[in-house]
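*Asks:* Numbering (my numbering), first residue to last: 7 to 294. Using N, Cα and C, we set each Cβ at its ideal position, and we do this for glycine too. My structure is below; once you've seen it, I'll send some questions.
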């Protein structure tokens, strides 16, 4: 069994292999057009599949790449369309040790290895969710909600990739092909289960992000309500002072103590007493 591992879809060797193994031009075109959806197509000469490895960048940004695989009777061709270091390292680890396998067995190992890369990504997203949940509850800031929206976008992208991969595996399990022996189907079902579990985890994470977003909005609303409460209390306490000073500011005669030399002290004492009583009342009613 021969394994042709290409790291550049524009490598002229791909055209040579296409002519040698009678690969359809549309499949070569798929290799050279990035951002394909995960898929699998069966022909009489080979099986063509697009696998979607993912890696996570800073700030929880999901970066997906394409790994194209051609599975023939005695050969396998892998084309890595963009650099994904975890996939490159994984493929390098398979060289030599797996050339004794059949093409179908090696295809399974490659697909299974890519699926295993989803778990570290999901774990990283889970850790990020925990951090943002604490921030949303304890110190809600505008950066928190922005990070939650970015995380939600990452989960949507990861869910789309996982759902497509699950559909690919479901199609594979329902289709019999000479290059994919039925003896491997139990192992393919195991890969399908791994993808399904990862998809369930992502669904739970989406719910957690939604909950964290609601928690953030609730915390901000509570803070706003607390500020409004304090402002309302101080405004209410200041009302008697405004009324009294407004009365004594009127251009009328015969106001109480208006002619007294102690008018200033009397008025200020009344204001202080009334304000103090109101603050005491608010304290008793636990409004402060």
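One question on the structure: do residue 198 and residue 172 come within less than 8 angstroms of each other, judged by their Cβ atoms?
*Replies:* Within the chain shown, numbered from 1, the residue matching residue 198 stands at position 192. Within the chain shown, numbered from 1, the residue matching residue 172 stands at position 166. Cβ distance < 8 angstroms, so residue 198 and residue 172 count as in contact.
*Asks:* Is it true that the CB of residue 62 sits closer than 8 angstroms to the CB of residue 23?
*Replies:* Along the chain shown, one-based indexing puts residue 23 at 17. Along the chain shown, one-based indexing puts residue 62 at 56. No, the Cβ-Cβ distance between residue 23 and residue 62 is not below 8 angstroms.
*Asks:* For residue 8, which of 27, 133, 248 has the nearest alpha-carbon?
*Replies:* Here residue 8 corresponds to residue number 2 of the chain shown, with the count starting at 1. It is 27 whose Cα lies nearest to the Cα of residue 8.
*Asks:* Is residue 45 closer than 8 angstroms to residue 174 when the C-beta atoms are compared?
*Replies:* By one-based count along the chain shown, residue 174 stands at place 168. By one-based count along the chain shown, residue 45 stands at place 39. Against a cut-off of 8 angstroms, the Cβ pair of residue 45 and residue 174 comes out as a contact.
*Asks:* List the residues that DSSP assigns as beta-bridge partners of residue 73.
*Replies:* Within the chain shown, the letter at position 67 stands for residue 73. Partner(s): 57, 86.
*Asks:* Pairing CB atoms from the region 50–59 with CB atoms from the region 69–80, are three or more of them under 8 angstroms?
*Replies:* Segments in contact, yes.
*Asks:* Of all the options 35, 131, 126, 47, which has the alpha carbon lying nearest to the alpha carbon of residue 215?
*Replies:* Position 209 of the chain shown holds residue 215. Cα-wise, what sits closest to residue 215 is 131.
*Asks:* By the DSSP assignment, the alpha helix (DSSP H) with residue 194 in it spans what residues?
*Replies:* Mapped onto the chain shown, residue 194 falls at position 188. Where residue 194 is concerned, the enclosing alpha helix (DSSP H) stretches over 191–254.
*Asks:* Where residue 290 and residue 276 are concerned, what is the direct C-alpha to C-alpha distance, given to the nearest angstrom?
*Replies:* Along the chain shown, one-based indexing puts residue 290 at 284. Along the chain shown, one-based indexing puts residue 276 at 270. For residue 290 and residue 276, the distance between alpha carbons rounds to 21 angstroms.
*Asks:* Please list the terminal residues of the continuous beta strand (DSSP E) segment that includes residue 45.
*Replies:* The residue given as residue 45 occupies position 39 in the chain shown. Where residue 45 is concerned, the enclosing beta strand (DSSP E) stretches over 45–48.
*Asks:* Is it buried or exposed, residue 150, if we count other Cβ atoms within 10 angstroms and call 16 or more buried?
*Replies:* As a working note, residue 150 is residue 144 in the chain shown. Buried is the call here.
*Asks:* Do you know offhand how far residue 74's Cα is from residue 101's?
*Replies:* Numbered from 1 along the chain shown, position 68 holds the residue referred to as residue 74. Numbered from 1 along the chain shown, position 95 holds the residue referred to as residue 101. Residue 74 and residue 101: Cα-Cα distance of roughly 17 angstroms.
*Asks:* Report the three-state DSSP secondary structure of residue 29 (helix, strand or coil).
*Replies:* Mapped onto the chain shown, residue 29 falls at position 23. Three-state DSSP puts residue 29 in coil, outside helix and strand.
*Asks:* Considering only residues of the same chain and omitting the five flanking positions on each side of residue 229, which have a CB-CB separation below 8 angstroms?
*Replies:* Counting from one through the chain shown, the residue named residue 229 turns up at place 223. Contacts found: 146.
*Asks:* Would you identify the three-state DSSP class for residue 10, choosing helix, strand or coil?
*Replies:* For this step, residue 10 is matched to residue 4 along the chain shown. Looking at residue 10 - three-state DSSP - the assignment turns out to be strand.
*Asks:* Just to confirm the assignment, what range does the alpha helix (DSSP H) spanning residue 271 have?
*Replies:* Numbered from 1 along the chain shown, position 265 holds the residue referred to as residue 271. Unbroken alpha helix (DSSP H) run through residue 271: 269–290.
*Asks:* Do residue 181 and residue 48 have their CB atoms nearer than 8 angstroms?
*Replies:* On the chain shown, position 175 is the one that residue 181 refers to. On the chain shown, position 42 is the one that residue 48 refers to. Closer than 8 angstroms, so yes.
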